[in-house]
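Engineer: Following this message is one structure expressed as structure tokens.
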Amino acid sequence: MSASVLFDAPGPKAKVRNRIYSVVGTAAVLGLFVWVVLRLNEKGEFEGALWDIFNYSGIRDNIFEALLATLKAFVFAGVLSLVFAVVLCVGRLSDHRPVRWASVIFIDLFRSIPLLITIFALWVGIVGDMTPFWALVVGLAIYNGCVQAEVLRAGVNAVPKGQREAAYALGLTKTQVTAGILFPQAVRSMLPTIISQLVVTLKDTSLGYLILYPELLYSARLIANNTPVNGTYPFVQTVTVVGAIYIGLCLALSSLATWIEKRGRRTKTGIAVAAAAEPAEAPGVLDAAAPEGPGRAEDGSKGPDDDPKGTVGKSN
Amino acid sequence: MNVLTDNLSLFREGFIGTVELTVVSGIIAMVLGVIIAAFRVSPVPPLRVFGTLWVNILRNTPLTLLFLVAFFILPKILFPDVDSFVLGVVALGFYTSSFIAEALRSGINTVPMGQAEAARAIGMSFTQVMRVVVLPQATRAVIAPMGSIFIALTKNSAIAGGFDNVDLFNVTKTLSNDGYDITMIFIWVTVAYLIITYAINGAFRLLEHRMEVAR
Numbered sequence: 001m002s003a004s005v006l007f008d009a010p011g012p013k014a015k016v017r018n019r020i021y022s023v024v025g026t027a028a029v030l031g032l033f034v035w036v037v038l039r040l041n042e043k044g045e046f047e048g049a050l051w052d053i054f055n056y057s058g059i060r061d062n063i064f065e066a067l068l069a070t071l072k073a074f075v076f077a078g079v080l081s082l083v084f085a086v087v088l089c090v091g092r093l094s095d096h097r098p099v100r101w102a103s104v105i106f107i108d109l110f111r112s113i114p115l116l117i118t119i120f121a122l123w124v125g126i127v128g129d130m131t132p133f134w135a136l137v138v139g140l141a142i143y144n145g146c147v148q149a150e151v152l153r154a155g156v157n158a159v160p161k162g163q164r165e166a167a168y169a170l171g172l173t174k175t176q177v178t179a180g181i182l183f184p185q186a187v188r189s190m191l192p193t194i195i196s197q198l199v200v201t202l203k204d205t206s207l208g209y210l211i212l213y214p215e216l217l218y219s220a221r222l223i224a225n226n227t228p229v230n231g232t233y234p235f236v237q238t239v240t241v242v243g244a245i246y247i248g249l250c251l252a253l254s255s256l257a258t259w260i261e262k263r264g265r266r267t268k269t270g271i272a273v274a275a276a277a278e279p280a281e282a283p284g285v286l287d288a289a290a291p292e293g294p295g296r297a298e299d300g301s302k303g304p305d306d307d308p309k310g311t312v313g314k315s316n
Numbered sequence: 001m002n003v004l005t006d007n008l009s010l011f012r013e014g015f016i017g018t019v020e021l022t023v024v025s026g027i028i029a030m031v032l033g034v035i036i037a038a039f040r041v042s043p044v045p046p047l048r049v050f051g052t053l054w055v056n057i058l059r060n061t062p063l064t065l066l067f068l069v070a071f072f073i074l075p076k077i078l079f080p081d082v083d084s085f086v087l088g089v090v091a092l093g094f095y096t097s098s099f100i101a102e103a104l105r106s107g108i109n110t111v112p113m114g115q116a117e118a119a120r121a122i123g124m125s126f127t128q129v130m131r132v133v134v135l136p137q138a139t140r141a142v143i144a145p146m147g148s149i150f151i152a153l154t155k156n157s158a159i160a161g162g163f164d165n166v167d168l169f170n171v172t173k174t175l176s177n178d179g180y181d182i183t184m185i186f187i188w189v190t191v192a193y194l195i196i197t198y199a200i201n202g203a204f205r206l207l208e209h210r211m212e213v214a215r
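Here the protein sequences line up with chains Z and H, keeping their order.
Per full-length UniProt numbering, the first sequence runs over residues 1 to 316.
Per full-length UniProt numbering, the second sequence runs over residues 1 to 215.
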């Protein structure tokens with residue numbers, strides 16, 4: 001970190017000063033932490049009985065089932081969103097203007113509506129009756145499909161033009177060029193970004209809470225509400241456990257993305273592997289018109305190197 | 001069409017609610033985000049660790065979980081009797097601050113090392129390097145991602161509507177409970193969100209053009 005744009009390498013004076021700041025900073029951070037812990041303790045949140053609930057097999061089964069429900073929604077939504085993404089991306093790259101326009105409008109529209117509104121509308125019945133599960137899955141698939149389609153398109157555009165020309169020159173059809181030359185390379189270069197977006201999908205399954213789909217959060221709340229211990233409800237405890245699970249899952253997926261990105265950097269195919277970018281909201285809603293290079297990868301300095309591993313489980 | 005004309009005041013309230021949530025939590029997120037970004041690039045290791053933990057934990061937590069913490073834990077334990085607007089804004093602000101911190105940090109990283117070194121070599125003080133060389137460039141690099149973050153914030157504010165706040169999602173819910181056709185509600189609410197997000201997008205486009213400079 002000594003190599004920073006902001007600071008010169010510290011001299012003797014600055015070293016002393018930095019050390020003082022370190023001590024003060026640590027004290028402040030620790031102080032905040034201790035205050036929260038004391039406050040929690042004061043309210044009796046650290047009593048053994050409250051944490052003991054996780055020793056009941058019933059509660060553990062509940063959490064496990066909820067986790068499965070979350071993962072089920074995630075897997076369905078993830079796969080469906082990728083399918084949607086391919087369809088929408090092909091539509092966007094189509095030679096036929098109406099198809100292209102329809103895809104653009106669809107993508108821009110659903111990227112700018114809050115996902116929760118889409119899911120709610122599906123649940124209430126904008127297109128026939130849907131169970132909470134399908135409302136959640138379809139909503140997630142539509143929204144993330146739109147985002148992933150743009151990611152894929154950026155990947156296709158990043159494939160050097162010569163390859164396409166060479167393929168056409170060999171007499172391949174458009175379908176062959178797209179499926180055989182462009183898409184495989186687009187997917188490869190965009191894999192980190194695609195996985196980062198899957199992290200968003202995973203996080204957003206928690207919206208199921210608001211349409212009463214019994215996923216992890218919803219069950220956490222049910223557990224907290226239904227197992228009062230000595231008159232208090234174990235919200236802190238269940239949220240801590242569930243939060244740890246979420247953060248663990250998301251960090252695992254994010255680090256997969258950064259691992260692939262680093263691995264991709266070693267190979268020499270000439271197509272840069274995009275940065276694993278922020279695992280979230282980043283893709284701007286209305287910026288479809290803005291030039292999208294290979295995955296906003298201009299700042300290679302960002303991210304992976306200073307991600308601390310092992311923050312898993314320090315949720316609250 | 002009836003949905004809108006019959007419930008104009010409700011729609012107005014919801015619209016204003018969404019705008020308020022966005023603006024207030026945006027301000028919180030900016031303030032926290034700048035502080036955390038400063039922590040992350042500071043030469044003091046404990047603060048850097050704190051900043052890194054903050055960003056990584058908040059970015060990998062579902063926003064709904066933060067709302068759960070804000071609504072079921074904060075009032076019970078730390079701050080009793082706070083109204084739902086404050087809680088919602090705190091959850092949104094904290095969540096968004098992690099994205100803003102990351103955007104700012106990568107903005108600072110876009111400034112080439114050599115420029116700062118050159119500036120120091122000609123004898124500029126820390127403040128001068130910051131004011132004249134680093135920050136103006138970092139600001140420009142950050143405007144576009146910032147716009148996306150605020151648009152995402154607007155969309156995320158819908159979750160606050162699921163937690164006792166009056167906003168456009170809450171309006172959707174109320175009207176659909178009243179038996180109005182969800183398709184019409186959906187269309188009007190979408191239009192409302194589009195107005196807000198286009199306004200933000202336009203504002204940031206304008207800023208970008210104003211501050212554009214050849215590199």
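Ideal Cβ positions, reconstructed from N, Cα and C, are used throughout, including at glycine.
What residues from chain H crowd round I53/Z, counting only those whose CB sits closer than 7 Å?
Structural biologist: Here the premise fails: no neighbours, minimum Cβ distance about 16 Å.
Engineer: Of the choices T110/H, S148/H, N2/H and L175/H, whose alpha-carbon is the least far from that of residue 216/H?
Structural biologist: Any question about residue 216/H goes unanswered here, given that chain H covers just 1 to 215.
Engineer: Cutting at 7 Å between CB atoms, please list the residues of its own chain near I119/Z, excluding the five before and the five after it.
Structural biologist: Excluding residues within five positions, the ones whose Cβ falls inside 7 Å are A135, L136, G139, L207 and I211.
Engineer: Is the shortest distance between the beta-carbon of E45/Z and the beta-carbons of chain H less than 8 Å?
Structural biologist: Chain H, which has a Cβ nearer than 8 Å to the Cβ of E45/Z, makes this yes.
Engineer: The alpha helix (DSSP H) that contains F64/Z, what's its start and end?
Structural biologist: Start and end: S57 to R92.
Engineer: Note down, in chain order, all residues in the region 65-86 of chain H with a beta-carbon under 8 Å from any beta-carbon belonging to chain Z.
Structural biologist: Residues L65, L68, V69, F72, I73, K76, I77 and L78.
Engineer: For I187/H, which residues of its own chain have a beta-carbon under 7 Å away from its beta-carbon, when the five flanking residues on both sides are left out?
Structural biologist: Closer than 7 Å at Cβ, skipping near neighbours: no residue.
Engineer: Against G93/H, what residues of chain Z qualify as contacts under a CB-to-CB distance less than 7 Å, listed in chain order?
Structural biologist: Here the premise fails: no neighbours, minimum Cβ distance about 14 Å.
Engineer: Starting from T172/H, find everything on chain Z with Cβ-Cβ shorter than 7 Å and list it in chain order.
Structural biologist: The contacting residues are I117 and F120.
Engineer: Can you tell me whether E292/Z is helix, strand or coil according to DSSP?
Structural biologist: Note on E292/Z: pLDDT 36, under 50, position unreliable in the model; no value is reported.
Engineer: Applying a beta-carbon distance threshold of less than 7 Å, which residues of chain Z neighbour L194/H?
Structural biologist: Those within 7 Å of L194/H in chain Z are S112.
Engineer: Since G162/Z is in the alpha helix (DSSP H), which residue starts that stretch and which ends it?
Structural biologist: That run of the alpha helix (DSSP H) goes K161 to A169.
Engineer: Within this structure, are the beta carbons of A141/Z and A102/Z separated by less than 8 Å?
Structural biologist: No, the pair does not count as a contact, with Cβ atoms beyond the cut-off.
Engineer: Tell me the rounded alpha-carbon separation between N201/H and G44/Z.
Structural biologist: One C-alpha to the other measures close to 47 Å.
Engineer: Output needed in chain order: residues of the region 104-121 of chain H with a Cβ under 9 Å from some Cβ in chain Z.
Structural biologist: Here the close residues are R105, S106, G107, I108, N109, T110, V111, P112, M113, Q115, A116, E117 and R120.
Engineer: Check whether the Cβ of P43/H lies closer than 8 Å to any Cβ atom in chain Z.
Structural biologist: Closer than 8 Å: yes.
Engineer: Identify whether V229/Z lies in helix, strand or coil by the three-state DSSP scheme.
Structural biologist: Note: V229/Z maps to strand in three-state DSSP.
Engineer: Name the two residues that bound the continuous alpha helix (DSSP H) containing A102/Z.
Structural biologist: Residues R97 to S112.
Engineer: Could you tell me whether the Cβ atoms of Y246/Z and L65/H are closer together than 8 Å?
Structural biologist: Yes, these two residues count as a Cβ contact at 8 Å.
Engineer: Just reading off the alpha helix (DSSP H) that F7/Z is part of, what are its end residues?
Structural biologist: Note, F7/Z: premise wrong, no alpha helix (DSSP H); not H, not E.
Engineer: Using three-state DSSP, classify G128/Z as helix, strand or coil.
Structural biologist: Note: G128/Z maps to strand in three-state DSSP.
Engineer: Is the beta carbon of C146/Z less than 8 Å from the beta carbon of L217/Z?
Structural biologist: For C146/Z and L217/Z, no; Cβs fall outside 8 Å.
Engineer: Give the interface partners of residue 392/Z over in chain H, defined as CB-CB distance under 8 Å, in chain order.
Structural biologist: Residue 392/Z lies beyond the range of chain Z shown here (1 to 316); nothing can be said about it.
Engineer: Taking only beta-carbon atoms, is L206/H less than 8 Å away from chain Z?
Structural biologist: So no, L206/H is outside the interface.
Engineer: Could you check where the alpha helix (DSSP H) with M211/H kicks off and where it finishes?
Structural biologist: I182 to M211 is the span of the alpha helix (DSSP H), which, as asked, contains M211/H.
Engineer: Starting from F15/H and walking both ways along the alpha helix (DSSP H), at which residues does that stretch end?
Structural biologist: Where F15/H is concerned, the enclosing alpha helix (DSSP H) stretches over L8 to V41.
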